[in-house]
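Terminal number for the sequence shown in the UniProt record's numbering: 382, no gaps in between. Even glycine gets a Cβ: it sits at the ideal position worked out from N, Cα and C. This report refers to the structure that appears directly beneath it.
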Amino acid sequence: MSRDPGTPRLLRRLNDRAALELLIGDGPLTRAELGQRTGLSKVTAGQLLVRLEERGLVEVTGERAGGRGPHAALYAVVPSCAYVAGLEVLPDSLRVGVADITGRTVVEITLNPSDGRDPVEAVHAAVRRACEAANIGLSRLRSFVIGTRGVVDPVSGDVRWSYDLPAWHVGVLASLREALGASVTIENDVNLVALAEHKYGAAAGHDDFVVIWSGIGQGLGVMLGGKLHRGITGGAGEIGWLPVPGEPLPADVSQPQSGSFQRLVGHDALRGLADRRGLIGNTVPDLVRGGDEGYLDEVAGRLAVGAVAVTVVLDPGLIVLSGDVGRAGGARLAAKVQEAVARVCPSRPTVVTTGVAGNPVLRGALVAALEQAREQVFSDTV
Numbered sequence: 001m002s003r004d005p006g007t008p009r010l011l012r013r014l015n016d017r018a019a020l021e022l023l024i025g026d027g028p029l030t031r032a033e034l035g036q037r038t039g040l041s042k043v044t045a046g047q048l049l050v051r052l053e054e055r056g057l058v059e060v061t062g063e064r065a066g067g068r069g070p071h072a073a074l075y076a077v078v079p080s081c082a083y084v085a086g087l088e089v090l091p092d093s094l095r096v097g098v099a100d101i102t103g104r105t106v107v108e109i110t111l112n113p114s115d116g117r118d119p120v121e122a123v124h125a126a127v128r129r130a131c132e133a134a135n136i137g138l139s140r141l142r143s144f145v146i147g148t149r150g151v152v153d154p155v156s157g158d159v160r161w162s163y164d165l166p167a168w169h170v171g172v173l174a175s176l177r178e179a180l181g182a183s184v185t186i187e188n189d190v191n192l193v194a195l196a197e198h199k200y201g202a203a204a205g206h207d208d209f210v211v212i213w214s215g216i217g218q219g220l221g222v223m224l225g226g227k228l229h230r231g232i233t234g235g236a237g238e239i240g241w242l243p244v245p246g247e248p249l250p251a252d253v254s255q256p257q258s259g260s261f262q263r264l265v266g267h268d269a270l271r272g273l274a275d276r277r278g279l280i281g282n283t284v285p286d287l288v289r290g291g292d293e294g295y296l297d298e299v300a301g302r303l304a305v306g307a308v309a310v311t312v313v314l315d316p317g318l319i320v321l322s323g324d325v326g327r328a329g330g331a332r333l334a335a336k337v338q339e340a341v342a343r344v345c346p347s348r349p350t351v352v353t354t355g356v357a358g359n360p361v362l363r364g365a366l367v368a369a370l371e372q373a374r375e376q377v378f379s380d381t382v
């Protein structure tokens, strides 16, 4: 029977991990500052830093003046000790971001995958192009997280079903891991948006919240107790299928635009609503952004139907509106949804607009990839 290699070794590993996380979040730090924050003695903190320097994980980045004595060396994590990749896959584009282990994005590119190549070839080529643009070797990527619109099986990690990405199916994950390594993960795109909101956006500091994604399609990202809730089959959050009063139930569930809530708040529905009010705009987000108060009230009332259903079941406390409609409506739309929910719901969640800058799916993919990579790199120091 195998045994743990010993408590001192385990403690060193735990201390190393804690120190690296502190240097990522609060660095650069001196040896004394690191000792104070970790509770380690100066001698132990010094030994730890020597060990991490030898592993190529930390480096001296400067000095800090203090008192009459010599300046204290400042230590930081070596950004280039590992890299990760995040991807967003859409029918007409493939976006790739590469970040170093500190979380700094070093390159972001967008490619058109519509040239007949299969998903594995498309992803492999895109990641290779991104690495070339960043001037780093593909072998230095420690984790890959891919966001898709599909339903992802939480057990196998495979895409069970995707309406507009039919080539993404069971078996693709295994092929991707053969091409890129075992650290490839596929995740639902709105779940990744929830990770981004939790890390960088409107849900920072909140461990219980939902993201309502309103756009061409409708989605829901659910975080409870600081963890994503995916459901048994990965289908949690498919809010477009929510039955709503006044809209027919779908006759064919293979047609995602036929869901009742989708019929109520999808682009076709919101454009039709604008047409009836005589509003003019090139796109639905333009209509929402520039719509009059009456139009925005009606849009908010429709979104509130879904928000109420989620609230009475999950009571999340915080609802973040995202997607092109949620982003375009901004704080005006969020306030109106909050008011509409409060009128018919015993719970009164706060409703806010997204706080994530840039591409939220890509940012969430990088958040997930960094978490995986740091678990690998920071837990293997002894």
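DSSP three-state call for residue i: helix, strand or coil?
i	result
Ala76	strand
Val312	helix
Gln376	helix
Gly234	coil
Thr350	strand
Val265	helix
Arg3	Here Arg3 scores only 47 on pLDDT, less than 50, and its place in the model should not be relied on; the value that follows carries that caveat. Reduced to three states, the DSSP call for Arg3 is coil.
Gln257	helix
Trp151	Residue 151 is actually Val in this sequence, not Trp. Of the three classes helix, strand and coil, the one that applies to Val151 here is strand, per DSSP.
Leu249	coil
Val244	coil
Leu303	helix
Leu29	strand
Is residue i buried or exposed, if buried means 16 or more other CB atoms sit within 10 Å of its CB?
i	result
Gly338	For the record, residue 338 in the displayed sequence is Gln; it is not Gly. That one is buried.
Thr30	buried
His267	buried
Gly62	exposed
Gly171	exposed
Ala315	First, the residue type needs correcting, since residue 315 is Asp and not Ala in the sequence shown. By the neighbour-count rule (16 or more Cβ atoms within 10 Å), Asp315 is not buried but exposed.
Leu11	exposed
Ser139	exposed
Gly278	exposed
Asn191	buried
Ala365	buried
Ala87	Per the sequence shown, residue 87 should be read as Leu rather than Ala. The residue is buried, with at least 16 neighbouring Cβ atoms inside 10 Å.
Arg64	exposed
Asp16	buried
Measuring CA to CA, which of the options is closest to residue i?
i	options	result
Gly246	Pro256, Gln262, Gly235	Gln262
Glu53	Thr7, Ile146, Cys81, His71	Cys81
His124	Thr311, Val184, Tyr75	Val184
Ile212	Asp297, Lys227, Asp189, Gly231	Asp189
Val96	Gly66, Phe144, Glu121, Gly306	Phe144
Ala373	Ala182, Lys336, Leu296	Ala182
Leu14	Lys42, Asp26, Leu48, Gly27	Leu48
Arg271	Ser322, Trp241, Ser139, Ile216	Ile216
Ala342	Ala130, Ser139, Val312	Val312
Leu180	Pro349, Arg142, Leu303	Arg142
Leu228	Ala122, Ala194, Gln218, Asp252	Ala194
Ile136	Asp100, Arg149, Gly201, Gly147	Asp100
Gly290	Glu298, Ile319, Gly281	Gly281
Asn359	Ser254, Arg327, Phe378, Asp252	Arg327
Ala307	Gly221, Tyr163, Pro285	Gly221
Pro91	Arg149, Gln36, Val210	Arg149
Ala19	Val77, Val265, Pro166	Val77
Val288	Thr233, Leu318, Gly219, Ser214	Ser214
Check for me: the beta strand (DSSP E) holding residue i runs from which residue to which?
i	result
Asn188	184 to 188
Val96	93 to 100
Ala85	83 to 90
Arg142	141 to 148
Got a sec, what are the start and stop residues for the alpha helix (DSSP H) residue i sits in?
i	result
Gly25	7 to 26
Gly326	323 to 344
Arg128	119 to 134
Leu220	Premise fails: Leu220 lies in the beta strand (DSSP E), 218 to 224, not in any alpha helix (DSSP H).
Gly290	284 to 290
Val172	172 to 180
Where DSSP assigns a beta bridge to residue i, which residues make up the other side?
i	result
Gly62	Leu74
Gly56	Per DSSP, none; premise fails for Gly56.
Thr105	Ala99
Val320	Val211, Val352
Lys227	Leu224
Thr110	Arg95
Trp161	Val151
Hey, is residue i close to the ligand FAD, as in C-beta under 6 Å from one of its heavy atoms?
i	result
Leu321	With respect to small molecules bound, the structure shown includes none, and the ligand FAD cannot be examined in it.
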